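Chains as they are written, first to last, in my numbering: chain A, 1 to 276; chain B, 1001 to 1271. Glycine included, C-beta positions come from ideal geometry on N, C-alpha and C. All of these numbers come straight from a predicted model, not from anything done at the bench.
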């Protein structure tokens, strides 16, 4: 008689002792982070090159169409005015798509169950989607920024501040993307969120036009848009030109990020749309 | 006793004439229903993006007293944006239809029925053309709320809209047949279709381009469809209107022949 499979000398396997976990399951967190980033980089040149091509096209077309007109009352060259906004735009779009696609796919394919049964807290699962999305978006944004250097002369005044603003933007939109994917039951819902919420936020943000082109009411509306503050902050960091208070901008981004993080954490704890 | 007669419940073999009208119509309606089913993505989304483009470019560049040859910038821009929406949607419909059918394997469902290559081509193309034109119409109506577009030459508008929708639907078919993964078709969109649409004089008059680039722009067939379409609205064109008509007809003929050959030989469709 041969011994049962998996046991030495015919003895029955004892169950292994459970892995001792601290307040955070670091192995699990790192695995999730690795998975999230691999998902993005696996697509390689396609996921990177797409945003780069469209950013460069926007910049080229805009500079050609503008025909040398200066923005902001001539205080700043048009290229230097627009380019930070284009970087922010790619941060927004990529942050949203990277985080959202992952979660949406897991929900559609049923793989979300594998995470729910793993010894991970709600916040760890949530960050397992948000952080890889935000980091990949930041990497894409940096690449787009490097490409804009071909066309635009910056005079950076606060590079670190710029990086902080970029990171806050990437995080904010990774949160948006995760929220949209959590809410959406089908791909259509998710892409509707992108078309009707994210694109308007990203476009109507003062990326391409200066605030003084708008009248009173619309100005207030744009000022309430966190993307406007992201663009304004990055533009200040790269060129020293600002249209609104940076402290206010930082506060708006902080509040938006904090609020969304709290909302998302609450939803993940409740298992909204992911637990039966 | 009629043991050998065929019972009346067994249908006779359907006779198909020179054209399988029923099959063609069925394939066409399948393509149309495919995009109407998700109209928020296929009809409303283009309206939102186009209006956003209109808003940002007019706000940024459309100062009073500026314009192109005395034409208000928004009047110059709007027809180009409508054409961009037609182009992108006609392309997206045929290319996504084919790539999804190939990846999911249900391509056999359209290869097996008694449809000739021309009928197959027409049925799928028809869906793309219908989506392109429908999006164009919806975007035009939405634009009218913001831009006082006037129609100067309706036949030019109609001709170029239809030819552009056909051209992009054909390109989408060729791309969709060639592509073997989603990555391939999104690469075609990112590196071929989007650059050609953006750099085709939608946002600026190509007279602005320096020497050599002016010639490059004139070699882009997308330039002619946008230029001709815009001519129908503002009565001003960068190129000779007749040239645009001929270029579009020639390009469409060539693409049709290529797509027909691909389907007839079963390139990347049949094992």
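- Scanning B/1012, B/1091 and B/1022 for the CA closest to the CA of residue 1168 of chain B turns up B/1091.
- Contact annotation: the stretch 1078-1091 of chain B touches the stretch 1133-1143 of chain B, with at least three C-beta pairs closer than 8 Å.
- In this structure, A/191 is the residue among A/38, A/32, A/112 and A/191 with its C-alpha nearest to the C-alpha of residue 177 of chain A.
- Around the C-beta of residue 135 of chain A, 16 or more other C-beta atoms lie within 10 Å, and the residue is accordingly described as buried.
- Between residue 89 of chain A and residue 62 of chain A, the C-beta gap is not smaller than 9 Å, which leaves the two residues out of contact.
- Separation of residue 179 of chain A and residue 264 of chain A (C-alpha to C-alpha, rounded to the nearest whole angstrom) is 7 Å.
- Bounds of the alpha helix (DSSP H) holding residue 1082 of chain B are 1073-1104.
- Here DSSP, grouped into helix, strand and coil, assigns residue 1107 of chain B to coil.
- Separation of the CB atoms of residue 1244 of chain B and residue 1228 of chain B is rounded to 4 Å, and the pair is thereby assigned contact status at 8 Å.
- Excluding sequence positions up to five before and after residue 108 of chain A, its CB lies less than 7 Å from no other CB in the same chain.
- With distances taken between CA atoms, residue 1251 of chain B lies nearest to B/1166 out of B/1240, B/1213 and B/1166.
- At a C-beta separation below 8 Å, residue 1056 of chain B has these neighbours in chain A: 203, 204, 207, 208 and 209.
- Per DSSP, reduced to three states, the secondary structure at residue 123 of chain A is helical.
- For the pair residue 199 of chain A and residue 83 of chain A, the CB atoms are not nearer than the 9 Å cut-off.
- In the pairwise beta carbon analysis, the stretch 1195-1208 of chain B is classified as not touching the stretch 1124-1133 of chain B: fewer than three pairs are separated by under 8 Å.
- The C-beta separation of residue 188 of chain A from residue 1040 of chain B comes to about 6 Å, placing the pair in contact by the 8 Å criterion.
- Within the stretch 166-185 of chain A, contact with chain B at the beta-carbon level (separation under 8 Å) is assigned to no residue.
- Cβ-Cβ distances below 7 Å link residue 1117 of chain B to 1260, 1263 and 1264 in the same chain, with the five nearest sequence neighbours on each side left out; the list follows chain order.
- In this structure, the straight-line span from the alpha carbon of residue 1230 of chain B to that of residue 1068 of chain B is close to 13 Å.
- The shortest C-alpha to C-alpha distance from residue 1103 of chain B to any of B/1238, B/1185 and B/1060 is the one to B/1185.
- For residue 1068 of chain B, the secondary structure class from DSSP, reduced to helix, strand or coil, is strand.
- Pairing residue 1163 of chain B with residue 1225 of chain B, the inter-Cα distance amounts to about 8 Å.
- Distance check between residue 209 of chain A and each of B/1253, B/1147 and B/1060 places B/1060 closest, using alpha-carbon atoms only.
- Look at residue 1079 of chain B: its C-beta is not under 9 Å from any C-beta on chain A.
- Between residue 1237 of chain B and residue 1078 of chain B, the alpha-carbon positions lie close to 14 Å from each other.
- At a cut-off of 9 Å between beta-carbon atoms, residue 248 of chain A makes no contact with chain B.
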